[in-house]
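Below is one structure; the comments refer to it alone.
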Amino acid sequence: MTDVVVVESPAKAKTINKYLGDGYTVLASFGHVRDLPPKDGSVLPDDGFSMKWQADERGTKQVAAIIKALKGAKHLYLATDPDREGEAISWHVRAMLEERNALKGVDVQRVTFNEITKSAIKHAMAHPRELDMPLIEAYLARRALDYLVGFTLSPVLWRKLPGSRSAGRVQSVALRLICEREAEIEVFKPREYWSVTASLLTPASAPFTARLTHLNGKKLDQFDLGTAEQAEAAKRAVEAEDMSVRSIERRKVRRNPQPPFTTSTLQQEASRKLGMSAQTTMRTAQQLYEGMELGGETVGLITYMRTDGVTMAQEAVQAIRGHIGSKIGPDYVPAQPRHYTSKAKNAQEAHEAIRPTDISRTPESMARYLNNDQRRLYELVWKRAVASQMESATLDQVAVDIAGPSAQTVLRANGSILTFDGFLKLYREGRDDSEKAAADDDSRMLPPMHEKDPLKREGVEAEQHFTQPPPRYSEASLVKKMEELGIGRPSTYASILSVLQDRSYVQLENRRFVPEARGRLVTAFLVSFFERYVDTGFTASLEELLDDISDGQAKWKEVLASFWHDFSKAVGDTKELTITDVLNALDKDLGPFFFPPRADGSDPRHCTSCGTGRLGLKLGRYGAFIGCSNYPECQFTRRLTADSAEEGDGSSALKDGMRLLGQHPQTGEDITVRQGPWGLYAQQGEPDPADKKAKPRRASLPKGMDGASITLEQAVGLLSLPRLVGLHPETGEPIEAGLGRFGPYVKMGAVYGSLDKDDDVLTVGLNRAVDALAKKLASIRNLGNHPKDGEPVMVRKGRFGPYAQHGQLVATLPRGTDMDAVTLEEAVALLADKGKPLKAKAGAKKAATKKKAAPKAAAKTTTKAATKTATKTAAKSTTKAKATPTAQEDAEPAKPKARKASTTTTRKKKAE
């Protein structure tokens, strides 16, 4: 019998099975096979922090497949990813197998590999080890911490701050960083300052510029020229003297390459250089790690992408040095290999840095195998790894001081000359705007000059400047800040940023994080009543304790007990808090944000609707809003924004959760925008009191559309969806545009194409609609109309291979059948012989169940004993039906279920 190897993803399973051969059966766990159920009581602090694990349907199915494969096997190799989460998955798999007594006579070993190549896999299989229990205990501690914080703190927020919930233990700290930066920007007061710059010519008439640094013998600080008058006086002083070169200072500077990528630096650089989000970066890196089809063999292109180590294997370093010498030039190879150490707080350096598995696979040679994102990210990883072992760049930096005869007025010109490009020949690190400006100053070249050379003045300019507020965090700068503070782990940064956006706590504007009002409220609440648990220092120290657990230097239950003792007490202290207490604290903290100063100097809290009331923070069933103290006499309300409070009677905001836009141009019914529990929506007319079943027409507002600025025309357009875009230029079929639960789409017959978030469903044109449908149409072939009912018969690509479809009837094509070769007659015969109806959706199933249950209840004539017997029989039948995949599943359901944790990327969303 074959030995069994368990990996995480099916893509890796297929590749590794090829490397290991017929003596092994390689199966995928599809990420975690079990987890803590999302309900209270899954972690029990009073019972030694015991945890109640629960396997989902997929996990149970995968473990059953492993048990089946283990029959007769002597060895089980757990080959999940080489990190804390991967170690935990292996532990869960072993625990579930032990519970089912499936490991009798089976030797269980753990193997890890940093790259998916034949040599790495063979080496790992030859060097198995036991499960790393300290690493698993660190996982258990982290999982329990996140669970206890989430399920203890969220109910407090629900009760005290309706409409809000905890962002998570680490996410809350990241949110605080974003909100505090926004508060700094709001209170920032620009300060004026001036600079004086002279345009000069050398004796050879070569132009350059110099900046005033000394005036009246005193060195100028940034704000010494604070007014136009002072700047003008300084300008006249420069114009009054004949300038010459006073001194020239030259020095050689070496610029060293950056180390190869870690998870964090890869996310930062991909954001700066490629504009990729952290989530996209990690998803694409996962694909490169798991491998591409090259010459009939799947090969991993990069090493494991979740790492904080900056070292590379010695053989990889030597291969890179050899490539540099042969392909770039021997002058670019340093005398000794470069060795790097991480500067990041809490860096464990357990794995290699991210590098190409084979340096001979250049980005140019791999481009034809990769999509655009994969190609760009692979090029970034490849160049950074190669550049890290290249010779330093050298520059000649020049500083020229220029003065008049009195030497009381001095100007300085800076410049540099690149004398050897070194690693810069291949790679330059991305920079923020401020860093780019400084780099431009350093890279300016100056013309040849000598001391005492007279200079001709062409002009002098005085320029006004204002200090700038600190910039909002980008994904790159926030990841960098969290890493510097030691908050979270690099592998979880992508999910942290994703959660903050998914819960509408922040939004990205021009690739910068801007906190939403909801995010400001949650942060203010946590800072007011749970300050310690959103403190960066406390969170970083907790990360250090988790690392101590993984190193075997701390006991995980003691760490949890210490945390839980203080945290549960802090939660208990909030039980006596009233809504008024919370509102007063938030109103005081966020007053400057929600009530900024008015241009006329009047009180920003003065209600302009009733004239006597005072505006303040209020709480409703759907969350917080701005309201008047004279309610209910004054109905003024405003959404939580930092907009000016001068909104008159509140007609431009949602008033009592509603805003009247006008009347429908055809029916005359009122068109309103309303706030519902799931967001904003437009409504046509009002419910009919006489007919409770009849409901007015409604349409959700697309994400990004503001309820305070939507027009009557836009609302009518949304209510009239789907709309006809036009006829397909080739088929002549009508194309419609509409809004679905997953966003805007276009539809032609039974074919749907998704639109981008930037597409306006109300104005999208025919060309864009055809483009959106093209990709979907490439996977669908219309064979013609069915001879019986005239409905189209199609062949589609599915998860399990091509299949034929006629209405709600589907049938998989025989294995090996080319979908382009199937005829209408063959498809009709196949559907008649093997066709199965598509699975009903969950809602339809429930409705059908209720309909069946009613007549059964009415015709209930059997005894209780007979009823119990029937129930047991039905339960057994149901169990069997669930355990056996149906023909419908093999024939590709209309909307396949999303694979839960099918890769290591999706399972990371549960971290932190």
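For the sequence shown, the numbering used here gives the first residue as 414, with consecutive numbering after it.
The C-beta atom is built at its ideal place from N, Cα and C for all residues, glycine as well.
Quiz item: Rounded to a whole number of angstroms, what is the C-alpha to C-alpha distance between Glu-842 and Glu-682?
Solution: Taking the first residue of the sequence shown as position 1, residue 842 is located at position 429. Taking the first residue of the sequence shown as position 1, residue 682 is located at position 269. C-alpha separation (whole angstroms): 8 Å.
Quiz item: In terms of DSSP beta bridges, what is Arg-1207 paired with?
Solution: Residue mapping note: residue 1207 aligns to position 794 of the sequence shown, counting from 1. A quick correction: the sequence has Met, not Arg, at residue 1207. According to DSSP, which records beta bridges pairwise, Met-1207 is partnered with Asn-1195 and Gln-1218.
Quiz item: Rounded to whole angstroms, how far is the Cβ of Phe-879 from the Cβ of Glu-605, which I believe are closer than 8 Å?
Solution: Within the sequence shown, numbered from 1, the residue matching residue 879 stands at position 466. Within the sequence shown, numbered from 1, the residue matching residue 605 stands at position 192. Sure, about 6 Å apart at Cβ, within 8 Å.
Practice problem: Indicate whether the contact test is met: 3 or more Cβ pairs, each with one atom in the segment 1006 to 1025 and one in the segment 601 to 615, closer than 8 Å. | Solution: Flag = no, the segment 1006 to 1025 and the segment 601 to 615 do not touch.
Exercise. Tell me, to the nearest whole angstrom, how far the beta carbon of Val-506 is from that of Val-419; I am working on the premise that it is less than 8 Å.
Key: Position 93 of the sequence shown, counted from the first residue, corresponds to residue 506. Position 6 of the sequence shown, counted from the first residue, corresponds to residue 419. That belief holds up - the Cβ atoms of Val-506 and Val-419 are roughly 6 Å apart, short of 8 Å.
Practice problem: Please name the residue in Gly-1197, Ala-1240 and Gly-1203 whose C-alpha comes closest to that of Pro-1215. | Solution: Locating residue 1215 in the sequence shown gives position 802, counting from the first residue. Nearest to Pro-1215 by C-alpha distance, out of Gly-1197, Ala-1240 and Gly-1203, is Ala-1240.
Exercise. Using the Cα positions of Arg-649 and Val-658, report the straight-line distance between them to the nearest angstrom.
Key: In the sequence shown, counting from the first residue as 1, residue 649 sits at position 236. In the sequence shown, counting from the first residue as 1, residue 658 sits at position 245. Cα to Cα, Arg-649 sits roughly 19 Å from Val-658.
Self-check item: Closest residue to Phe-607 among Gln-635, Pro-769 and Ile-1039 (Cα-Cα distance)
Solution: Here residue 607 refers to the residue found at position 194 of the sequence shown. Note that residue 607 corresponds to Trp in the displayed sequence, not to Phe. When each option's Cα is compared against that of Trp-607, the closest is Gln-635.
Quiz item: How about Pro-1135 and Lys-1116: do their beta carbons lie closer than 8 Å?
Solution: Residue mapping note: residue 1135 aligns to position 722 of the sequence shown, counting from 1. Residue mapping note: residue 1116 aligns to position 703 of the sequence shown, counting from 1. No; because the gap between Cβ atoms is not below 8 Å, this pair is not in contact.
Self-check item: Segment limits, beta strand (DSSP E) that includes Tyr-432
Solution: Position 19 of the sequence shown holds residue 432. That residue, Tyr-432, is in no beta strand (DSSP E); its alpha helix (DSSP H) goes 423 to 433.
Self-check item: Assigned exposure category for Met-656 - 16 Cβ within 10 Å defines buried
Solution: Taking the first residue of the sequence shown as position 1, residue 656 is located at position 243. Burial call: buried.
Practice problem: Grab me the residues of Arg-589's own chain with a C-beta within less than 6 Å of its C-beta, minus the 5 sequence neighbours each way, in chain order. | Solution: If you number the sequence shown from 1, residue 589 lands on position 176. Excluding positions up to five away in sequence, the list reads Thr-936 and Val-947.
Self-check item: With 16 other Cβ atoms within 10 Å as the buried cut-off, status of Ser-819
Solution: Counting from one through the sequence shown, the residue named residue 819 turns up at place 406. Exposed, by the Cβ-count rule.
Practice problem: Any chance you could list the alpha helix (DSSP H) runs of at least 4 consecutive residues sitting entirely within the segment 641 to 674, in chain order? | Solution: For the segment 641 to 674, the continuous alpha helix (DSSP H) assignments of 4+ residues that do not extend past its boundaries occur at 641 to 652, in sequence order.
Quiz item: Residues bridged to Glu-605 by DSSP?
Solution: In the sequence shown, residue 605 corresponds to position 192, counting from 1. DSSP lists Phe-879 as the beta-bridge partner residues of Glu-605.
Practice problem: Run the CB neighbour count on Ala-893, radius 10 Å, all protein chains shown included, and call it buried at 16 or more, exposed below. | Solution: For the purposes of this step, residue 893 is identified with residue 480 of the sequence shown, where counting begins at 1. Here residue 893 is Lys; the residue named in the question, Ala, does not match the sequence. Label assigned to Lys-893: buried.
Exercise. Along the alpha helix (DSSP H) that carries Phe-564, what are the first and last residues, could you check?
Key: As a first step, residue 564 is located in the sequence shown; it is residue number 151 there, counting from the start. Per DSSP, Phe-564 is one residue of the alpha helix (DSSP H) stretching across 546 to 573.
Quiz item: Ordered along the chain, which non-local residues of its own chain (more than five positions away) have a Cβ less than 7 Å from that of Asn-527?
Solution: To locate residue 527, count along the sequence shown from 1; it is residue 114. So the list reads Pro-495, Ala-533, Thr-716, Tyr-717, His-764 and Glu-765, once near-sequence residues are dropped.
Quiz item: In this structure, does DSSP put Gly-735 in helix, strand or coil?
Solution: On the sequence shown, residue 735 is found 322 positions in, with the first residue counted as 1. DSSP, reduced to helix, strand and coil, places Gly-735 within a helical segment of the structure shown.
Quiz item: The alpha helix (DSSP H) with Asn-785 in it runs from where to where?
Solution: The residue labelled residue 785 in the question sits at position 372 within the sequence shown. Element bounds for Asn-785: 785 to 800.
Quiz item: Given a threshold of 16 other Cβ atoms within 10 Å of its Cβ, counted over all protein chains shown, does Lys-1001 qualify as buried or as exposed?
Solution: Here residue 1001 refers to the residue found at position 588 of the sequence shown. That one is exposed.
Exercise. Grab me the residues of Lys-1285's own chain with a C-beta within less than 6 Å of its C-beta, minus the 5 sequence neighbours each way, in chain order.
Key: The sequence position of residue 1285 within the sequence shown is 872, counting from 1. Low confidence applies here, because Lys-1285 scores a pLDDT of 42, under 50, leaving its location unreliable; read the following figure in that light. Result list for Lys-1285: empty, nothing under 6 Å.
Quiz item: Are Gly-899 and Glu-956 closer than 8 Å when you measure CB to CB?
Solution: Along the sequence shown, read from residue 1 onward, the residue named residue 899 stands at position 486. Along the sequence shown, read from residue 1 onward, the residue named residue 956 stands at position 543. Going by C-beta atoms, Gly-899 is nearer than 8 Å to Glu-956.
Exercise. Assuming Val-1206 contacts Ala-1217 (C-beta within less than 8 Å), just tell me the rounded distance between them.
Key: Within the sequence shown, the letter at position 793 stands for residue 1206. Within the sequence shown, the letter at position 804 stands for residue 1217. The beta-carbon separation of Val-1206 and Ala-1217, rounded to 7 Å, stays under the 8 Å limit for a contact.
Exercise. Please state whether DSSP places Gln-1079 in a helix, a strand or coil.
Key: Here residue 1079 refers to the residue found at position 666 of the sequence shown. Correct three-state label for Gln-1079: coil.
Practice problem: Within 10 angstroms of the Cβ of Ala-539, are there 16 or more other Cβ atoms? Answer buried if so, exposed if not. | Solution: Locating residue 539 in the sequence shown gives position 126, counting from the first residue. That one is exposed.
Exercise. Below 6 Å CB to CB, which residues in the same chain sit around Arg-667 once its five sequence neighbours on both sides are set aside?
Key: As a working mapping, residue 667 is identified with position 254 in the sequence shown. If we look at Arg-667 and ignore the five residues flanking it on each side, its Cβ neighbours are Ser-805 and Thr-807.
Exercise. Express the C-alpha separation of Thr-610 and Glu-876 in angstroms, rounding to a whole number.
Key: Numbered from its first residue, the sequence shown carries residue 876 at position 463. Numbered from its first residue, the sequence shown carries residue 610 at position 197. The straight-line gap from Cα to Cα measures roughly 8 Å.
Self-check item: Environment of Thr-428 [buried if 16+ CB atoms lie within 10 Å]
Solution: Position 15 of the sequence shown, counted from the first residue, corresponds to residue 428. Burial state of Thr-428 is buried, judged by a 10 Å Cβ sphere holding 16 or more other Cβ atoms.
Self-check item: DSSP-derived helix/strand/coil call for Tyr-906
Solution: For the purposes of this step, residue 906 is identified with residue 493 of the sequence shown, where counting begins at 1. Correct three-state label for Tyr-906: helix.
Self-check item: Uninterrupted alpha helix (DSSP H) stretches inside the segment 484 to 522 (no shorter than 4 residues)
Solution: Those alpha helix (DSSP H) runs which fall completely within the segment 484 to 522 and span 4+ residues are 497 to 512.
Quiz item: Excluding sequence positions up to five away, which residues of its chain have a Cβ less than 7 Å from the Cβ of Leu-628?
Solution: For this step, residue 628 is matched to residue 215 along the sequence shown. Shown here for Leu-628: same chain residues with a beta carbon closer than 7 Å to its own, the five before and five after excluded, namely Ala-647, Ala-650 and Thr-822 in chain order.
Exercise. Could you tell me which residues DSSP pairs with Phe-833 in its beta bridges?
Key: One-based indexing of the sequence shown puts residue 833 at position 420. According to DSSP, Phe-833 bridges with Thr-807.
Quiz item: Three or more beta-carbon pairs under 8 Å between the segment 437 to 449 and the segment 463 to 477, yes or no?
Solution: With contact defined as three or more Cβ pairs closer than 8 Å, the segment 437 to 449 and the segment 463 to 477 are in contact.
Quiz item: Nearest to Pro-903 by alpha carbon, out of Trp-969, Gly-722, Phe-1049 and Cys-1041?
Solution: Within the sequence shown, numbered from 1, the residue matching residue 903 stands at position 490. Looking from the CA of Pro-903, the closest CA among Trp-969, Gly-722, Phe-1049 and Cys-1041 belongs to Gly-722.
Quiz item: Roughly how many angstroms lie between the CA atoms of Gly-1203 and Ile-1148, to the nearest whole one?
Solution: What you label residue 1203 is simply residue 790 of the sequence shown in a count that begins at 1. What you label residue 1148 is simply residue 735 of the sequence shown in a count that begins at 1. Going by the C-alpha atoms only, they are around 20 Å apart.
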